[in-house]
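End of the sequence shown sits at 80 in our numbering; the numbers just go up one at a time, nothing left out. Ideal placement from N, C-alpha and C gives every residue a C-beta, glycine not left out. Computed from a prediction, not measured in an experiment: that's the story for all the values here. Everything below concerns the one structure shown next.
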Amino acid sequence: MTKKELIAELAKKTELPQKKIDLVLEELMSIIQEELKKGETIRLAGLGTFKVVERKERKGRNPQTGEEIVIPAKKVVKFLPAKVLKSL
């Protein structure tokens, strides 16, 4: 499902205009991004948890040359689904 399809489905189910739903969805994504940048954890009951985790520096290989390289440490966003989603 794309963002456009999600907005259309929400508009159909809530009978709200698609423009309003798009605005709410954009703001929701913006808030989630801002909080994750601060290092906060976002818990959405029934959906799951978004959190920032640190990946350690590790060794890897260049697949073309076979040369060993160092992959630097970095922060990534991790999503942990709620129990309801795990059972699907």
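Please state whether DSSP places residue i in a helix, a strand or coil.
i	result
K43	strand
E18	helix
K70	strand
K29	helix
K51	strand
In terms of alpha-carbon separation, which member of the options lies closest to residue i?
i	options	result
V62	T(-6), I24, K48, Q25	K48
Of all Cβ atoms in chain B, is any one closer than 7 angstroms to the Cβ of residue i?
i	result
I34	Of the protein chains in the structure, only one exists, and it is not chain B.
Can you name the start and end residues of the beta strand (DSSP E) that residue i belongs to?
i	result
E60	60 to 63
Starting from residue i, trace the alpha helix (DSSP H) in both directions and tell me its first and last residue.
i	result
L(-2)	-5 to 6
Considering only the beta carbon of each residue, do residue i and residue j sit closer than 7 angstroms?
i	j	result
G40	L72	yes
Item to check | Touching by the beta-carbon criterion (3+ pairs, under 8 angstroms), the segment 20 to 33 and the segment 51 to 59 | outcome: They do not touch, by the three-pair rule.
Checklist entry - When the Cβ atoms of the segment 25 to 37 are set against those of the segment -2 to 15, are three or more pairs found closer than 8 angstroms? => result no
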